[in-house]
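What follows is one structure encoded as structure tokens, with my remarks underneath.
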DNA sequence: CGTAAACTTGAAACCGCTTTGAAAGATGAA
DNA sequence: TTCATCTTTCAAAGCGGTTTCAAGTTTACG
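Here it is as structure tokens:
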């Protein structure tokens, strides 16, 4: 049933019905009640396609899910983020449009969404350093919010980010305080803004203690379980292996755990691990004492915040740009402990000679 | 720029332009080329909102992502499925609309999508036994495809499913052939159709060898890492623990691996594990010899197939219902081995007495 | 009671595209 | 050349809402 028929049936004009249904004040309470009740009874729901054309609003937020070229992989945090954002959209009557595109087609996809007018705003996922999407969206005049930030981009824009630098310097300090001196970093893909900030935090902390970073202890890659495994094996298999490792996500941490197990190295005693925990719903790092010592920040909450900010912007909230910086506090779990007195794990002879610098520092 | 202005500028009527752009045959090649070229040059793109109203087609497929009541969890296979389906949508010019709703609001959400006319069809995720959504969508007259199947639902409908029963009976047989007699099953949530079929397959195989199932060895739950951990501990901590475990997904398998490690039980020698592997992009069970012995079926491929079937249906493909049953073949990995001669893992005395029945069978 | 102000309601234009039905132009047979 | 046929193009009527502007009703108050 369409508006014309419905309004005719209940003896009112389309105008009045539309107003009643959309909560305009120019309609008396009595009439509104009558309309609402009749709509319910006769099963009338306005056609969104028509409403969208008439209002010029798409009532839809776009998310673009790029498939990484390398592994055609979907970011494992994506679904939790979407869950958070989606909740907010539902509450406010917005729909969520998801476009799955290959990495290289991403810019085109944004342009397309904008010109076709199917979204009122978009969320930028996984920003890189100096991310070109920000400029593009500004040009297109499409409201947006970034989940993360983009270094070296000038001007204000909406974003929600974790204080990655602080989190990782904090985690590194924690390990240093435990006596660790060789600390590995299993980080996200090179060029990703968050990975850079985490690296910076890690370097900050090392530098503050006068420790020079070792390229062999720093690795970047797509955060799969296998990546965590391979990198851990590789690091521990070196001449001068780390006694502690920082891992950017719980997914590669699963691989790291497997690697330690395979090598017969004790997690938390022989090698310590600190992860960044996005609080994924199917990977809760919990318990009386969590499995992993972790800097935690719920990516789902980030999704909620992004949605709120973007909707505010779209609905023409006052000022302009807004942003949120979430702090990720460190929770101590079972995966960390004092640095073994430089007992070398794979090559016991060699380590004896290494003990001295360790105790001296 | 809108159609009116664009067509005016290039000296043609809106009708002709629309036809040229939409590939109708009533327009000469020369004109079409001219239109396409001008559109490119002047940057004209038709407004989808208007096109959708005019054609009555939403050019959008709906997916509803329910948040489980228990843990407000997102199904970990969801993002890979979406990636597969989304690829197909992009290719055919369809959009994907994602609604995040609480479990209990799901029916309402389908109804809403249908009456508002924002989608041309929907995908049903995670069907339960006798799933009410199928009936609902039939009533609403909204085309749909089920990822999975629903037992005890009459009549034909579109679906794409894995042969879960066969996969799990096959996996169970494999373990039986290795001499295992006490085989645990860490399954999906009770009531889920796939979980039921897997249970049936498992029971079939046991029964065929005259082994009675033990309720203590069968568990159902939401497939989180922690669920896998807890259940494994619980099973192995019993008087009569299993020597092998079947696990419905790689996510709880991570937890099972952790449990085995914590208990100091060797995976593949002391306890064998077979998983069902959905081939998630961030959890590749690969290598020369895969980590886990597994029945594998790509959920991403299932997403592609679902999309294809649904789009065919929507575009009024001939006959009617279509379905695909995917076989999941068993790949032997490192996580399985011959049953230990009933060496009890936690209670060595007790097991000695158990050895006999084992060798007799 | 009369009139201004405040409420309610409605007619019609509009959103930007698709599509029907008709006309104009091109082609070809008679 | 004429008329029939085919091809190409167009004017106008939708699609189903929203919103402007005007008109009809009440209410308020002198």
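Residue numbers (the numbering used here), protein chains in the order written: chain A, 16 to 376; chain B, 16 to 376.
Positions of the beta carbon are idealized from the N, C-alpha and C atoms, including for glycine.
Here the structure is a predicted model, which is why all the values come from computation and not from measurement.
With DSSP run on the structure shown, which of helix, strand or coil describes residue 19 of chain A?
In the first chain, residue 19 of chain A corresponds to position 4, counting from 1. Helix.
From residue 324 of chain B to residue 140 of chain B, what does the alpha carbon distance come to, in whole angstroms?
In the second chain, counting from the first residue as 1, residue 324 of chain B sits at position 309. In the second chain, counting from the first residue as 1, residue 140 of chain B sits at position 125. In a straight line, the C-alpha of residue 324 of chain B is about 15 Å away from that of residue 140 of chain B.
Tell me which same chain residues have a C-beta within less than 8 Å of the C-beta of residue 352 of chain B, skipping the five on either side of it?
Taking the first residue of the second chain as 1, we reach residue 352 of chain B at position 337. Within the same chain, residue 352 of chain B has close Cβ partners 193, 283, 284, 287.
Tell me the residue span of the alpha helix (DSSP H) that contains residue 95 of chain B.
One-based indexing of the second chain puts residue 95 of chain B at position 80. From DSSP, the alpha helix (DSSP H) with residue 95 of chain B extends over 93-107.
Span of the alpha helix (DSSP H) holding residue 209 of chain A?
As a working note, residue 209 of chain A is residue 194 in the first chain. From DSSP, the alpha helix (DSSP H) with residue 209 of chain A extends over 208-223.
Taking DSSP's pairing of strands, which residues face residue 199 of chain A in a bridge?
To locate residue 199 of chain A, count along the first chain from 1; it is residue 184. Per DSSP, A:260.
Taking any Cβ of chain B, which residues in the stretch 60-78 of chain A have a Cβ under 7 Å from it, in chain order?
60, 62, 63, 64, 65, 67, 68, 73
Please report the distance separating the alpha-carbon of residue 355 of chain A from that of residue 233 of chain B.
By 1-based counting over the first chain, the position of residue 355 of chain A is 340. By 1-based counting over the second chain, the position of residue 233 of chain B is 218. Rounded to whole angstroms, residue 355 of chain A to residue 233 of chain B spans 42 Å at the Cα level.
Per the contact definition of three or more C-beta pairs closer than 8 Å, is the stretch 290-303 of chain A in contact with the stretch 79-90 of chain B?
yes
Quick check: the Cα distance between residue 220 of chain B and residue 248 of chain B, rounded to an integer number of angstroms?
On the second chain, residue 220 of chain B is found 205 positions in, with the first residue counted as 1. On the second chain, residue 248 of chain B is found 233 positions in, with the first residue counted as 1. So the two alpha carbons sit approximately 25 Å from each other.
Rounded to whole angstroms, what is the Cα-Cα separation between residue 395 of chain A and residue 118 of chain A?
The structure shown does not extend to residue 395 of chain A, since chain A is modelled only from 16 through 376, so no value can be given for it.
Beta-carbon separation of residue 112 of chain B and residue 143 of chain B under 8 Å?
Taking the second chain and counting its residues from 1, the one referred to as residue 112 of chain B is at position 97. Taking the second chain and counting its residues from 1, the one referred to as residue 143 of chain B is at position 128. The answer is no: Cβ separation not under 8 Å.
Nearest-angstrom Cα distance between residue 74 of chain B and residue 208 of chain B?
The count along the second chain starts at 1 and reaches residue 74 of chain B at position 59. The count along the second chain starts at 1 and reaches residue 208 of chain B at position 193. Cα-Cα distance, rounded: 30 Å.
Taking three-plus beta-carbon pairs below 8 Å as touching, is the stretch 57-76 of chain A in contact with the stretch 57-77 of chain B?
yes
Residue 224 of chain A: buried (16+ other C-beta within 10 angstroms of its C-beta) or exposed?
Here the question's residue 224 of chain A lines up with position 209 in the first chain. So residue 224 of chain A ends up on the exposed side.
Given this structure, state the Cα-to-Cα distance separating residue 280 of chain B from residue 350 of chain A, to the nearest angstrom.
In the second chain, the residue the question calls residue 280 of chain B occupies position 265. In the first chain, the residue the question calls residue 350 of chain A occupies position 335. The alpha-carbon atoms of residue 280 of chain B and residue 350 of chain A are separated by roughly 19 Å.
Within 10 angstroms of the Cβ of residue 30 of chain B, are there 16 or more other Cβ atoms? Answer buried if so, exposed if not.
The residue labelled residue 30 of chain B in the question sits at position 15 within the second chain. When all chains shown are included, residue 30 of chain B counts as exposed.
How would you list, in chain order, the residues of chain A whose beta-carbon sits under 9 Å from the beta-carbon of residue 311 of chain B?
For this step, residue 311 of chain B is matched to residue 296 along the second chain. By Cβ distance, chain A contributes nothing, its closest Cβ being about 15 Å from residue 311 of chain B, past 9 Å.
Determine the DSSP secondary structure at residue 368 of chain B, reduced to helix, strand or coil.
By one-based count along the second chain, residue 368 of chain B stands at place 353. Residue confidence for residue 368 of chain B is low, a pLDDT of 35 falling below 50, so the modelled location carries little weight; the figure read from the coordinates is stated next. Note: residue 368 of chain B maps to helix in three-state DSSP.
Which runs of the beta strand (DSSP E) fall wholly inside the stretch 288-353 of chain A and span at least 3 residues, in chain order?
308-311, 338-341, 344-346
For residue 80 of chain B and chain A, any beta-carbon pair shorter than 8 Å?
As a position in the second chain, residue 80 of chain B is number 65, starting the count at 1. Yes, residue 80 of chain B counts as interfacial toward chain A.
State yes or no: is the C-beta of residue 179 of chain B within less than 8 Å of the C-beta of residue 161 of chain B?
Position 164 of the second chain, counting from 1, holds the residue named residue 179 of chain B. Position 146 of the second chain, counting from 1, holds the residue named residue 161 of chain B. No. Outside cutoff.
Is DSSP giving residue 143 of chain B helix, strand or coil here?
Counted from its first residue, the second chain places residue 143 of chain B at position 128. Strand.
Helix, strand or coil for residue 243 of chain B, going by three-state DSSP, please let me know.
One-based indexing of the second chain puts residue 243 of chain B at position 228. Taken through DSSP and simplified to helix, strand or coil, residue 243 of chain B comes out as helix.
Helix, strand or coil for residue 192 of chain B, going by three-state DSSP, please let me know.
Position 177 of the second chain holds residue 192 of chain B. If DSSP states are grouped into helix, strand and coil, residue 192 of chain B belongs with the helices.
Cβ atoms of residue 250 of chain B and residue 199 of chain B: under 8 Å apart, would you say?
The residue given as residue 199 of chain B occupies position 184 in the second chain. The residue given as residue 250 of chain B occupies position 235 in the second chain. In contact: residue 199 of chain B and residue 250 of chain B (Cβ atoms closer than 8 Å).
So, for residue 227 of chain A: in the same chain, excluding its five sequence neighbours on each side, which residues have a beta-carbon less than 8 Å away from its beta-carbon?
On the first chain, position 212 is the one that residue 227 of chain A refers to. Take residue 227 of chain A, set aside five residues on each side of it, and the residues of its chain with a beta-carbon closer than 8 Å to its own are 221, in chain order.
According to DSSP, simplified to helix, strand and coil, what is residue 67 of chain A?
By one-based count along the first chain, residue 67 of chain A stands at place 52. The answer is helix: DSSP assigns residue 67 of chain A an H, G or I state.
If you compare alpha carbons, which of B:342, B:186, B:348 is closest to residue 163 of chain B?
Indexing the second chain from 1 puts residue 163 of chain B at position 148. Of all alpha-carbon atoms in B:342, B:186, B:348, the one lying nearest the alpha-carbon of residue 163 of chain B is that of B:342.
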